[in-house]
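Below: one structure, written as structure tokens.
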Amino acid sequence: MKAISVDNLTRDYGTFRAVDHISFDVEPGEFFGFLGPNGAGKTTTIRMLTGLSEPTEGTALIMGYDIARDTYHAKEHFGVVPEVSNIYEDLSAWNNLMFAGELYGLSYTKRTARAREILDIFDLAEFRDKKVHGFSKGMRRKLTLGMALIHEPDILFLDEPTSGLDVESSLLLKEILSRMNREGTTIFLTTHTLEEANTLCNRIAIIVKGRIAAVDAPENLKKTIQTTQSVEVSLDSMTPRVTEDLAAIKTVTSSRHEGNKLRLFTPYPGDVATAVFAYAGEHHLKILSINTVGPSLEDAFLSIVQKQRNHRTGEMP
Amino acid sequence: MIPRPPTARIWRELKSAWAITKKDARIYYLRPGIIMFGVLFPLFLFLSFAIGRNLSADVLVPGLMAISVFFAASSIGPMAVPTERKTKTYERMVTAPVSPLSILFGEIAGGAIFGAIIATIPLVIGIAIYGTRIANPVGLIGALILISFAFSAMGIMFAAIPTDNPGDVMMILNFIRLPLLFVSGIFIPVSAMGVYGVVALASPLTYAKDIIQYALTGAGYYGPFIDTLGMVLFSGIFLWIGVYLHERNRRAG
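Chains G and L supply the protein sequences, listed in that same order.
Numbering that gives the first Met the number 0 applies: residue 0 is where the first sequence begins, and numbers increase by one.
Numbering that gives the first Met the number 0 applies: residue 0 is where the second sequence begins, and numbers increase by one.
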């Protein structure tokens, strides 16, 4: 049985089709990323999968239960962490967890034991009786995740879980998610952070303008644009003139600034690297760093999104 | 998975609804907006009409109790639901394995308990100052449960207005509550309204005031049967419309 099975899921808002006949499966224990540009249909999809709205067409099965028809059983199997930390500001961390436990029908003994465990895991034990309105963003996020985990769900839906978090909190959260996934929880993650998807996810679906453009492992997605190799170079002087000269090297198809580095895209990275060395010697410039770089998930994502957009624009009357 | 018997499911739904009720009590009962629109506003409105009119305690206490339940019970839903839409905590309940009906029952019970508690204040004052006696204590308890449920369901029905600002709902609710107040025989007895008394039949507050009066004094205008029937009917209508509108909002996503 699939953890999540989506078949021809469609959602219309009036005449606007937000999600257009999407189909994909998520295996039990998988860490599945759901990526797409703003307005692509990610949130609409996650809302349908979690029973917050109903599909216009198609079905979504959660652990074999149809979310639209057998809502009650489907909902028993998942927890949700939305983009906004939806916790009760006027309640303490403990009472928030107790409320979540009661909603999921946990006995008093079970929910108090789980709440203690969660407060320990998330390092919130000393704040258990404090009202949430004094909590930092990171603490709120951890509590939201804790509330979604109170009933030990098979599947966890996460919508931009690390959005707005500082580096330390973000790393901690990702570490916890990885651990949970290793312990068997299926995770469905929507994120804008491609690095996050790259490091966490087993497979990724890319949605563009309501349609699935690709579903594959991050490494396989990168392979689809294997021709997009590049040389990343940093010189002690990166004036506009230098940038212009480097971008004009033969076989460089395009260039992009990335911080104090210049990335030169080419099918022949070796030739370009040689040309960069020659240029630096000729102009008495010091090379601070030079690397040949394969396509990143970001490159793959941009390429897939662009192709899909072009494809759909071509369809327009 | 072993299928659970239906009674287990019902029991679990009731426990979830009770959790929602407790949550509402903890968060909303002492909110300034609730104290203002649910308690102080009706109290001062009533006093401004009652003072100087030499009304007997038999008229004053039931009227004040009815107004207290009416405003208090119908204020919790319109405060809680839009606030929780704004903070997305309402979505937390919708994504949990709890039926839409149980969520609304939990919210309604939150308002109903608040309304019943507030209604005891004028009763205690009536007993302490005017020596009010309760002719039918069991009937009064039953009436308070029924009335507070009906008015809380009315509040939940208005809370279906798709906004995340409680003020928007309160404004529309008051636009309805105030006219109902004036036609319900609280300030002018239905018997003195002449042909216009027929309008009173369209207000749930008419039956609420009458049944409380009956329970306290042993005498009412319509009698307990019609009053109970009226309150049950209005409860059913408010609940049905409320469930329909909230479910429609959810489907619309």
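Every residue, glycine too, gets a C-beta built ideally from N, C-alpha and C.
Computed from a predicted structure; not experimentally measured.
{"query": "Using a Cβ-Cβ cut-off of less than 8 Å, list which residues of the segment 79-100 of chain L approach chain G; keep chain order.", "result": "86, 87, 88, 90, 91, 92, 93, 94, 95, 96, 97 and 98"}
{"query": "Just to confirm, is the Cβ distance from residue 25 of chain G to residue 45 of chain G under 8 Å?", "result": "no"}
{"query": "Just the C-alpha distance for residue 6 of chain L and residue 104 of chain G, rounded to the nearest angstrom, thanks.", "result": "14 Å"}
{"query": "Going by beta carbon distance, what residues of the same chain come within less than 6 Å of residue 198 of chain L, once the five residues before and after it are set aside?", "result": "182"}
{"query": "Hey, could you find the ends of the beta strand (DSSP E) residue 245 of chain L is sitting in?", "result": "Residue 245 of chain L -> not in any beta strand (DSSP E); alpha helix (DSSP H) instead, spanning 223-251."}
{"query": "Give the residues from the segment 4-17 of chain L that approach chain G closer than 7 Å (Cβ to any Cβ), ordered along the chain.", "result": "11, 14 and 15"}
{"query": "Which two residues bound the contiguous beta strand (DSSP E) that contains residue 5 of chain G?", "result": "3-12"}
{"query": "What three-state label does DSSP hand residue 185 of chain G in the structure shown?", "result": "strand"}
{"query": "Considering Cα atoms alone, identify which of L:159, L:166 and L:12 is closest to residue 243 of chain L.", "result": "L:159"}
{"query": "How about the segment 10-23 of chain G and the segment 151-171 of chain G: do they share at least three Cβ pairs that are nearer than 8 Å?", "result": "no"}
{"query": "Report the rounded CA-to-CA distance for residue 222 of chain L versus residue 208 of chain L, giving the unit in angstroms.", "result": "11 Å"}
{"query": "Per DSSP, what are the beta-bridge partners of residue 290 of chain G in this structure?", "result": "G:231"}
{"query": "Using 8 Å as the limit for Cβ to Cβ distance, is residue 11 of chain G near chain L?", "result": "no"}
{"query": "Assuming residue 43 of chain G is part of the alpha helix (DSSP H), what are its boundary residues?", "result": "41-48"}
{"query": "Using a Cβ-Cβ distance cut-off of 8 Å, determine whether residue 247 of chain L contacts chain G.", "result": "no"}
{"query": "Sorted by chain position, which residues of the same chain lie with C-beta nearer than 7 Å to residue 233 of chain G's C-beta, five sequence neighbours on each side aside?", "result": "259, 260, 287 and 288"}
{"query": "Name the residues in the segment 107-118 of chain L whose C-beta lies less than 7 Å from a C-beta of chain G; which are they?", "result": "none"}
{"query": "Could you name the residues that DSSP lists as bridge partners for residue 214 of chain G?", "result": "G:204"}
{"query": "On a Cα-Cα basis, can you pick out the residue from L:225, L:69 and L:186 that is closest to residue 155 of chain L?", "result": "L:69"}
{"query": "List, in order along the chain, the chain L residues whose C-beta lies closer than 9 Å to that of residue 85 of chain G?", "result": "83, 86, 87, 88, 89, 90 and 91"}
{"query": "Write down the C-beta distance between residue 21 of chain G and residue 34 of chain G rounded to the nearest angstrom, noting that I regard them as a contact closer than 8 Å.", "result": "With a Cβ gap of about 13 Å, residue 21 of chain G and residue 34 of chain G do not count as contacting."}
{"query": "In the DSSP assignment, find the unbroken beta strand (DSSP E) run with residue 261 of chain G in it and report its ends.", "result": "260-265"}
{"query": "Could you check what DSSP says for residue 196 of chain G in three-state terms: helix, strand or coil?", "result": "helix"}
{"query": "Name the residue from L:204, L:143 and L:174 whose alpha carbon lies nearest to the alpha carbon of residue 157 of chain L.", "result": "L:174"}
{"query": "Can you tell me whether residue 103 of chain G is helix, strand or coil according to DSSP?", "result": "coil"}
{"query": "Quick test of the definition: if touching needs 3 or more C-beta pairs under 8 Å, does the segment 118-138 of chain L touch the segment 79-95 of chain L?", "result": "no"}
{"query": "Taking Cβ positions, are residue 241 of chain G and residue 156 of chain G nearer each other than 8 Å?", "result": "no"}
{"query": "Output needed for residue 95 of chain G: all residues of its chain with C-beta closer than 7 Å, excluding positions within five of it in sequence on either side, in chain order.", "result": "86, 87, 131, 142 and 146"}
{"query": "Three-state secondary structure (DSSP) at residue 128 of chain L?", "result": "helix"}
{"query": "Could you spell out where the beta strand (DSSP E) holding residue 255 of chain G opens and where it closes?", "result": "253-257"}
{"query": "Determine whether the Cβ of residue 184 of chain L lies closer than 8 Å to any Cβ atom of chain G.", "result": "no"}
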